[in-house]
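J.: Heads up, the sequence shown stops at 346 in this note's numbering, and the numbers go up one at a time, no gaps.
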Amino acid sequence: RQGPGFALRLAGGECLHADAVVLTSPAPMAAGLLDSVAPGAADRLRTIPHGSSGVVSLGYRADQFPEPLVGHGFLVADGEPLSIGACTWSSGKWAGRAPDGMVLLRAFIGSHGERLLAGSDAEIAAAVRRDIEATMGVRGDPVLSRLVRWHAAMPRYTIGHLDRVAAAVESLAGVPNLVLAGAAYRGAGLPDCIAQGRAAAGCVQDVLSGTDDHKSVIPGADATPLDRIPSGAGRRVVRDGTCVPRGTRR
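(1) Please go through the stretch 245 to 307 and give each complete beta strand (DSSP E) segment of 3 or more residues, from N-terminal end onward.
(2) Which of the three DSSP states, helix, strand or coil, is assigned to G175?
(3) Buried or exposed for H168, please, with buried defined as at least 16 other CB atoms from any protein chain shown within 10 angstroms of its CB.
(4) Within this structure, are the beta carbons of T120 and L274 separated by less than 9 Å?
(5) For E110 and T143, I'd like the C-alpha separation in whole angstroms.
(6) With respect to the beta strand (DSSP E) encompassing V199, which residues constitute its N-terminal and C-terminal limits?
(7) With DSSP as the reference, label R47 as helix, strand or coil.
(8) What are the partner residues of W185, as DSSP defines its beta bridges?
(9) G283 and A295: beta carbons closer than 9 Å?
(10) What residues match up with L130 in a beta bridge as DSSP calls it?
(11) Can you tell me whether R324 is helix, strand or coil according to DSSP?
(12) Judging by CA-CA distance, which residue of A264, S179, D131 is the nearest neighbour of G209?
(13) Check whether the stretch 120 to 134 and the stretch 201 to 216 are in contact - that is, three or more C-beta pairs closer than 8 Å.
(14) Taking DSSP as the reference, what is the three-state secondary structure of G136?
(15) Please state if the CB of R245 and the CB of I48 are separated by a distance shorter than 9 Å.
(16) Can you tell me which of the three DSSP states A194 falls into?
(17) Measuring alpha carbon to alpha carbon, tell me which residue in S187, P177, A173, A107 is nearest L165.
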C-alpha cells in the first residue's frame, strides 16, 4: 500500500500507482497479495477451498457416432468409474461451433478426476477419450483434441461459505478502495461473475467520487441470497448446495 492508494508491481517489473484495486484472482492467490495489506482478510480467504479442473475439447465426424445426438450433454454421478464429471455437446448448443457434418464435445474434469490432471496432456486426453467411447459409443480417433487445465482455480462452496465471505468483508472494511470480485465469492457462473464485475466498477466509482457508504467491499453482498435463487421449476437452492421445493423452510 502506498499512501491512500496502492503501488503495483507487474510481472514484467513495471510499477504502477493505483487509486483503487479490484482483485479477481482465486481466493488463495488474492490472500497472498493481501498478506501485507490486510492479513486478517488474507487468513479468511485461505479458508475458501479451491480445486483443479480441466476441459478437453474433442471434434468428431457425425458418422462416428452410432446415432444422431439428442440433447445437450450429460452429468456424471458420484461413484461412477469415469474421469470426467460432465460432457456438453457444444456444436448442438451453439451455432457455428463446428462445420456441417462435425460434432464438437467438451468434457469437464473436476473432482471426479483431479488426480488425472497431474498427468501429461496425452494421458488426460486418452482417459477422456475412453470415457467418451464408453458412454457415447463413438468410434475411431477424433479429428481435433484440445486440453486446457486450471490448477487450484475452481472454488468449492462448502458449508459456511457465506460466513467465510462475510468475515473477509469485515476484515477489509477499513480498505474501501480494495474490492474483491470473482468466482470465489458469490457465484462461479459467467452471469454471476459479470454481475460482480459491474458491481465492482460501481464500488470503485463510489470510492473515487467520495460517495462510498463503506458497507461492503465485495460486490453482490446485498444481492439475492443463495436460498432465493431459482434452480429449476418449483425449486430453490439452499446453502448446503441441495435443492428443496419452494415454500419449504430449512
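Beta carbons are placed, not taken as given, at the ideal position from N, Cα and C, and that holds for glycine.
T.: Based on what the coordinates show:
(1) 274 to 276
(2) coil
(3) exposed
(4) no
(5) 31 Å
(6) 198 to 205
(7) Any answer about residue 47 is impossible in this case: the structure gives the chain only from 97 up to 346.
(8) L201
(9) no
(10) Answer is none; L130 lacks a bridge partner.
(11) Here R324 scores only 47 on pLDDT, less than 50, and its place in the model should not be relied on; the value that follows carries that caveat. Correct three-state label for R324: helix.
(12) S179
(13) no
(14) helix
(15) This structure does not reach residue 48, given that the chain is present from 97 up to 346, and the question cannot be answered.
(16) coil
(17) S187
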